[in-house]
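Report on the following structure.
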Ligand SMILES: [Zn+2]
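Written out as structure tokens, the structure is:
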């Protein structure tokens, strides 16, 4: 049986929110089987529990936010991507502010935290979202779609009309039966044009953004010392975002995601349509050798 997973030990980290610029502390706790991923916004004596599920998604303008009872936790996607990519099913995450810290702009520090806490298999079968039919949503020319697929594959194309973006691949496809999320995707950082950053800051957004937690793009080059981590880092970051957004279905996905210029708003619209159309069934995997997602098996082997 492929088992559910949680973290072995409690672990804490701090950082600043990309948009708020405010310092936030996160504490990850191990959780019982079938808990799922739950955020707890801690406000003084008040504790507001918000499950990481599509129905709690509020604002999706520049990031994915969860909202409940008037409380918000924004920019959850990079953290959720790390949780999806390490196959963690159950975890409670305390957050003492309105925004998850940006860390280095990718998922890699969250992956490191989860690995440092240790991953523990639990005594219950892991559940998967098994896609049974294609579902597509569109907004102007942007597309987000899932298809049935015996594995987990993500194909993404961006289409930025800017000389710097045009120097690098704008399309990528990764089959996670052959490729590791941790190695190939988790390190891809968020990015933006320096010219847009000034406008965002004037509107009190991206206040925490700087060259240590994002790729800054000038008129004709990447401004970060050391350049990009991968030649296709921009499109890989969009994949990382989509993997985080997809985890709001509540379990790892067996299927294919296809995105063309998709972002958080369209990804969330897709999730809601997947649920409305009942385009999946929940399955368990009896034999680990039958698991169609290799990175999960690879993780188990590392643990063994
Ligand atoms: Zn992102």
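In our numbering, the protein residues as written are 2 to 305.
Each residue gets a CB set at the ideal place from its N, CA and C atoms; glycine is no exception.
All figures in this text were calculated on a predicted structure; none of them were measured in a lab.
- In the DSSP assignment, residue 30 is bridged to 93.
- Just measuring C-alpha positions, the residue of 221, 72, 238 sitting nearest residue 214 is 238.
- Secondary structure at residue 150: coil, using DSSP grouped into helix, strand and coil.
- Excluding five sequence positions before and after residue 262, the CB atoms of its chain that fall closer than 8 Å to its own CB belong to 142, 143, 144, 158, 159, 160, given in chain order.
- Within 7 Å of the C-beta of residue 162 there is not a single heavy atom belonging to ligand 1.
- Counted as a single uninterrupted DSSP element, the alpha helix (DSSP H) harbouring residue 266 occupies residues 265-277.
- Residues whose Cβ lies closer than 5 Å to any heavy atom of ligand 1, listed in chain order: 191, 242.
- When only Cα atoms are considered, residue 118 and residue 8 end up about 6 Å apart.
- In the three-state reduction of the DSSP assignment, residue 116 falls in the helix class.
- Between the region 96-103 and the region 68-77 there are three or more C-beta pairs closer than 8 Å, enough to call the two in contact.
- For residue 246, the enclosing alpha helix (DSSP H) covers residues 234-247.
- For residue 281, the uninterrupted beta strand (DSSP E) segment begins and ends at 281-284.
- Under the DSSP assignment, residue 14 falls in the beta strand (DSSP E) whose first and last residues are 12-17.
- Within the model, the alpha-carbon separation for residue 33 versus residue 49 is close to 19 Å.
- A residue is called buried when at least 16 other Cβ atoms come within 10 angstroms of its Cβ; residue 114 meets this threshold and is buried.
- With respect to the 8 Å criterion, residue 230 and residue 184 are not classified as neighbours on the basis of their beta carbons.
- The residue from 54, 207, 248, 120 with its alpha-carbon nearest to that of residue 22 is 207.
- If you check the CB distance, residue 166 and residue 235 come in under 8 Å.
- When only Cα atoms are considered, residue 107 and residue 196 end up about 21 Å apart.
- A distance below 8 Å separates the beta carbons of residue 258 and residue 147.
- Residue 10 and residue 29 have their alpha carbons spaced roughly 8 Å apart.
- Considering only 293, 276, 294, 292, the residue with the shortest C-alpha distance to residue 138 is 276.
- Residue 121 carries a strand assignment under DSSP once its states are collapsed to helix, strand and coil.
- Per DSSP, residue 176 lies in no alpha helix (DSSP H); the unbroken beta strand (DSSP E) holding it starts and ends at 172-176.
- Boundaries for residue 57: no beta strand (DSSP E) harbours it, and the DSSP string shows neither H nor E there.
- 212 is the residue among 200, 212, 290 whose C-alpha sits nearest the C-alpha of residue 190.
- The C-beta distance from residue 269 to residue 246 rounds to 7 Å, short enough to meet the 8 Å contact threshold.
- Cβ-Cβ distances below 7 Å link residue 233 to 169, 170, 173 in the same chain, with the five nearest sequence neighbours on each side left out; the list follows chain order.
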